[in-house]
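Below is one structure, written out as structure tokens; comments come after it.
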Amino acid sequence: MKFKRNILCIGAGYVGGPTMAVIAAKCPEYKVTVVDVNADRIQAWNTDALPIFEPGLLDVVRSARGRNLFFATDIAAGIRAADIIFVSVNTPTKTFGHGAGMASDLQYWEKTAHEIVDHSDRSKIIVEKSTLPVRTAEAMERILQENKKGIHFEVVSNPEFLAEGSAVKDLLGPDRVLIGSRQTDAGLKAAGEIAGIFAHWVAAERIITTNLWSAELSKLVANAFLAQRISSINAVSALCEKTGADVGEISFAVGSDSRIGPRFLNASIGFGGSCFKKDILNLVYISRSYGLNEVADYWEAVVRMNEYQQERFVRTIIREMFQTVVGKRIVLLGFAFKANTGDTRESPGIHVARKLLEERAALVVSDPQALDNARRDLAGVAGAPGTVEYEPDPYRAAADAQAIAVITEWEIYRKLDFGKIFASMRKPAFIFDGRNILDHEKLFKIGFNVFPLGKPGLTHFK
Ligand code: UDX
Ligand code: UDX
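Residue numbers for the sequence shown, in our numbering: 150 to 611.
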């Protein structure tokens, strides 16, 4: 079959994979190929055991795979054949040199730009899908335009707003699709071409076009605003624990103001995920590099509050368990950074596990999807080998334990038989609910000492 256009996506991760699957499913006249340097990942995309867990994704992949959706390892061939190239490689926070801990590590992304130049023999549209520091498109353009082949690459920014765990739903019904381009004839034409892909299933008024820099910055700002709401309510949760107010009641009362709205106001053990911290630190780094120190400090406080919240959770555990957890069996219920994903990047669970291991607790990590990642995350942690047990079944995990700490808001945890769990645990038994998803009064009546977030603890001690 002759396809209207060849789309290539470089990077078959949490963003590239689901996004291309949905584009292929919705646009049968486009051939969509996804490539990655990681051959195992590509191999998994070609089976029914996909490399990432995402509700509804397998159905979408199966509807298009082999028809107009292909996963491959030959990056050079993919580039040669493509009319439009989405770049969705990872851009982690730098761990070395100038800007370490703050700026984005752009090495993969730059390597990809060079590969595109090397293997192209005609003009193409390049779409930035990775979240990047503002004005990265400009650097990408420079690398691409330096080619001596007389071909033109038009760089467009199309940041992805999907959230993990609801990626398919978010892709099928996005609040908006954002496309940034140069405001030249060629730039606007390229933006129009990308808009034409999404127009297959997204209403025209939800497709927003802007200049390149606005699109790049919008992604960072959207994530910073979302994270800022979580840090705000988490700051309030600390105050609630001192004053006897209930953070859940406050979220509801405050979120009922239509100007504020109810979402992203759940107090938690802290936000995780590959984006929030990285994107805010990027914003901080850019602001500082322009001498805007007050702006940088303002956003940096969002990250500091998040670290404080994670630290506070661990301190509560230790304090309430009589100032020592040495040798105590403690269950982390959940390890993913949020429910409905196996992803553990920046999960608060990592921090909690690390700290409790430093305090020499005997940890049991339980999660329905994230245990492989948890094993990798904790492999290098001192004290972890030998002392950490990985147990997918929450009942088996809790047997003989002294405490349970809820890290991830998996729906299944709300429905556990806590009477049975209590009976199997050592006494006094503790629950620290880092997500406020359990029925605290009921747990207290069963016999647990219960420590929710942002409301007074319930203990049986006189
Ligand atoms: C990544 C970025 O982290 C995020 O900022 C951006 O918004 C989208 O892309 P994600 O898809 O979650 O997010 O990352 P990851 O799951 O790590 O996927 C990136 C993939 O790119 C990996 O499979 C990696 O093997 C691949 N890659 C990386 C390449 O194919 N080539 C490279 O040079 C580097
Ligand atoms: C986020 C953005 O939502 C998405 O638009 C962007 O493309 C990528 O970054 P993601 O990190 O996948 O998506 O998940 P999100 O649902 O935003 O949750 C991030 C973290 O915040 C999770 O750890 C979650 O548990 C936490 N969170 C969320 C809270 O602690 N409280 C809330 O009220 C909401």
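Ideal placement from N, C-alpha and C gives every residue a C-beta, glycine not left out.
Around ligand 4, Cβ to any heavy atom closer than 6 Å, ordered along the chain: Within the structure as shown, ligand 4 is missing, the only ligands being ligand 1 and ligand 2.
Among 332, 236, 248, 313, nearest to residue 289 - alpha-carbon criterion: Here residue 289 corresponds to residue number 140 of the sequence shown, with the count starting at 1. When only C-alpha atoms are compared, the closest one is 236.
Alpha-carbon spacing of residue 459 relative to residue 564, whole angstroms: In the sequence shown, the residue the question calls residue 459 occupies position 310. In the sequence shown, the residue the question calls residue 564 occupies position 415. Using only the alpha carbons, I get a separation of about 25 Å.
Residue range of the beta strand (DSSP E) that includes residue 252: Translated into the one-based positions of the sequence shown, residue 252 becomes position 103. Segment: none, residue 252 is in no beta strand (DSSP E) and carries neither H nor E.
Member of 228, 308, 255 whose CA lies at the smallest distance from the CA of residue 168: Here residue 168 is taken as the residue at index 19 of the sequence shown, counted from 1. Checking every option, the nearest Cα to that of residue 168 belongs to 308.
8 Å contact criterion, which residue 305 and residue 353 should meet: CB distance rounded: If you number the sequence shown from 1, residue 305 lands on position 156. If you number the sequence shown from 1, residue 353 lands on position 204. Incorrect: roughly 18 Å between the Cβ atoms, too far for contact.
Distance between residue 313 and residue 163 (C-alpha atoms, nearest Å): One-based indexing of the sequence shown puts residue 163 at position 14. One-based indexing of the sequence shown puts residue 313 at position 164. Rounded to whole angstroms, residue 163 to residue 313 spans 8 Å at the Cα level.
Residues bridged to residue 277 (per DSSP): Your numbering for residue 277 matches position 128 in the sequence shown. Residue pairing by DSSP puts residue 277 in a beta bridge opposite 236, 306.
Where the alpha helix (DSSP H) through residue 528 begins and ends: Here the question's residue 528 lines up with position 379 in the sequence shown. Here the alpha helix (DSSP H) through residue 528 covers 520-528.
Residue 497 beta carbon less than 9 Å from that of residue 586: As a position in the sequence shown, residue 586 is number 437, starting the count at 1. As a position in the sequence shown, residue 497 is number 348, starting the count at 1. For the pair residue 586 and residue 497, the CB atoms are not nearer than the 9 Å cut-off.
Closest Cα partner of residue 554 within the set 271, 590, 501, 454: Stepping through the sequence shown from its first residue, residue 554 is reached at position 405. In terms of CA proximity to residue 554, 501 leads the group 271, 590, 501, 454.
Bridge partner(s) assigned by DSSP for residue 180: Looking up residue 180 in the sequence shown gives position 31. 155.
Span of the alpha helix (DSSP H) around residue 317: Here residue 317 corresponds to residue number 168 of the sequence shown, with the count starting at 1. Segment 316-321, the alpha helix (DSSP H) holding residue 317.
Residue 527 vs residue 503 beta-carbon contact at 9 Å: As a first step, residue 527 is located in the sequence shown; it is residue number 378 there, counting from the start. As a first step, residue 503 is located in the sequence shown; it is residue number 354 there, counting from the start. Yes, the Cβ-Cβ distance between residue 527 and residue 503 is below 9 Å.
The alpha helix (DSSP H) enclosing residue 224, as first and last residue numbers: Residue 224 sits at position 75 when you count from the first residue of the sequence shown. For residue 224, the enclosing alpha helix (DSSP H) starts and ends at 224-230.
Range of the contiguous beta strand (DSSP E) that encloses residue 329: In the sequence shown, the residue the question calls residue 329 occupies position 180. Where residue 329 is concerned, the enclosing beta strand (DSSP E) stretches over 326-330.
Residues sharing a beta bridge with residue 357, DSSP: For this step, residue 357 is matched to residue 208 along the sequence shown. According to DSSP, which records beta bridges pairwise, residue 357 is partnered with 327.
Same chain only: Cβ atoms within 7 Å of residue 238, ignoring 5 sequence neighbours per side: Your numbering for residue 238 matches position 89 in the sequence shown. Excluding the 5 residues flanking it on each side, residue 238 has same chain C-beta neighbours closer than 7 Å at 159, 160, 257, 258, 261, 279, in chain order.
Inter-residue Cα distance where the pair is residue 361 and residue 188: Start at 1 with the first residue of the sequence shown, and residue 361 comes out as number 212. Start at 1 with the first residue of the sequence shown, and residue 188 comes out as number 39. Roughly 32 Å separates the two Cα atoms.
Beta-carbon contacts of residue 410 that lie in its chain and below 8 Å, excluding the five residues immediately before and after: One-based indexing of the sequence shown puts residue 410 at position 261. When the five nearest sequence neighbours on each side are left out, the beta carbons in the same chain lying within less than 8 Å of the beta carbon of residue 410 are those of 404, in order along the chain.
Own chain residues within Cβ distance below 7 Å of residue 227, not counting five before or after: Counting from one through the sequence shown, the residue named residue 227 turns up at place 78. Taken in chain order, the residues that qualify are 157, 182, 184, 221.
When 300, 457, 433, 363 are compared against residue 379, the one with the closest alpha-carbon: Position 230 of the sequence shown, counting from 1, holds the residue named residue 379. Minimum Cα distance to residue 379 is reached at 457.
Beta strand (DSSP E) segment containing residue 582, residue limits: On the sequence shown, residue 582 is found 433 positions in, with the first residue counted as 1. First-last of the beta strand (DSSP E) with residue 582: 579-582.
Reference residue 412; option with closest CA among 424, 382, 434: On the sequence shown, residue 412 is found 263 positions in, with the first residue counted as 1. Looking at the Cα atoms, 382 is the closest of the given residues.
Own chain partners of residue 366 with C-beta closer than 7 Å, once the 5 adjacent residues on each side are dropped: To locate residue 366, count along the sequence shown from 1; it is residue 217. The answer, listed in chain order, is 283.
Beta-carbon gap between residue 592 and residue 610 smaller than 9 Å: Sequence index remark: in the sequence shown, residue 592 carries index 443 (1-based). Sequence index remark: in the sequence shown, residue 610 carries index 461 (1-based). Not in contact: residue 592 and residue 610 (Cβ atoms no closer than 9 Å).
Per-residue DSSP class, three states only, for residue 174: Walking along the sequence shown from the start, residue 174 turns up at place 25. Residue state for residue 174 is assigned as helix, using DSSP reduced to three classes.
6 Å CB neighbourhood of residue 580 in its chain, flanking five on each side removed: Indexing the sequence shown from 1 puts residue 580 at position 431. Excluding residues within five positions, the ones whose Cβ falls inside 6 Å are 553, 592, 597, 599.
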